[in-house]
Amino acid sequence: MMIDLTQTVSLTPAEVTEKLRALPVFSNLSEEELTCISAAPVVHVPAGKILAQQGEKLTLFGILLQGTVRGYYYYGTKQVQTVSTLEPGAVMGEYALITQQAIPVTAEALEDCLILSYSVEEFWGLMA
-16 MMIDLTQTVS LTPAEVTEKL RALPVFSNLS EEELTCISAA PVVHVPAGKI LAQQGEKLTL
44 FGILLQGTVR GYYYYGTKQV QTVSTLEPGA VMGEYALITQ QAIPVTAEAL EDCLILSYSV
104 EEFWGLMA
């Protein structure tokens, strides 16, 4: 992903855990599980920023805490089709990291976003 890791947001682990707990996909996790997941940096991505470009290899995995991201295909230089709109709680980049293939879509922040961001090593650590 083309996320600027210098744009981290200062949230306490408790604030990140609270944001995760508010998302239906994470609401049934234990305190220990939420604490483990929330240990990554939170990155601010402004509206209009490209998070990842179609065809690139990913080096990060993310959980969308706030905002909206759209995924779309390019064919040549023309935007072809929006294929997904991600809302808070969505995970991003897992398919490309697992398959080690280039991502099939471009991802763009439609609104200011907060993303819990993990390196490849951290991603695999979560899977262990």
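Following the numbering used here, the numbering of the sequence shown begins with -16 at its first residue and continues without gaps.
In this text, a Cβ means the ideal position worked out from N, Cα and C, and glycines have one as well.
Taking the straight line between their C-alpha atoms, what separation do you get for residue i and residue j?
{"i": "V92", "j": "G45", "result": "Looking at the sequence provided, one finds Ala at residue 92 rather than Val. Cα to Cα, the separation comes out at about 13 Å."}
{"i": "K61", "j": "E16", "result": "42 Å"}
{"i": "A73", "j": "L47", "result": "5 Å"}
{"i": "E105", "j": "Q(-10)", "result": "19 Å"}
{"i": "T42", "j": "L(-6)", "result": "23 Å"}
{"i": "P7", "j": "P24", "result": "21 Å"}
{"i": "V(-8)", "j": "Y56", "result": "30 Å"}
{"i": "Q36", "j": "T82", "result": "17 Å"}
{"i": "G31", "j": "Q64", "result": "17 Å"}
{"i": "T68", "j": "F9", "result": "19 Å"}
Classify residue i as buried or exposed, calling it buried when 16 or more other Cβ atoms lie within 10 Å of its own Cβ.
{"i": "S100", "result": "buried"}
{"i": "D29", "result": "For the record, residue 29 in the displayed sequence is Pro; it is not Asp. P29 is exposed by the Cβ-count criterion."}
With distances taken between CB atoms, is the gap from residue i to residue j smaller than 9 Å?
{"i": "G50", "j": "I86", "result": "no"}
{"i": "L97", "j": "I20", "result": "no"}
{"i": "M75", "j": "L12", "result": "no"}
From this set, the options, which residue's C-alpha is nearest residue i's C-alpha?
{"i": "L80", "options": "W107, G54, T68", "result": "W107"}
{"i": "V103", "options": "K32, P7, H27, Y78", "result": "Y78"}
{"i": "V66", "options": "T89, N11, T82, T18", "result": "T89"}
{"i": "T18", "options": "Q83, T42, E(-2)", "result": "E(-2)"}
{"i": "E70", "options": "Q36, G54, T82, Q84", "result": "G54"}
{"i": "Q84", "options": "S10, K40, Q36", "result": "K40"}
{"i": "E94", "options": "H27, A22, P(-4)", "result": "H27"}
(request) Specify whether the stretch -3 to 16 and the stretch 51 to 66 touch according to this definition: at least 3 beta carbon pairs, one from each stretch, less than 8 Å apart. (result) Judged by Cβ distances under 8 Å, the stretch -3 to 16 makes no contact with the stretch 51 to 66, as fewer than three pairs qualify.
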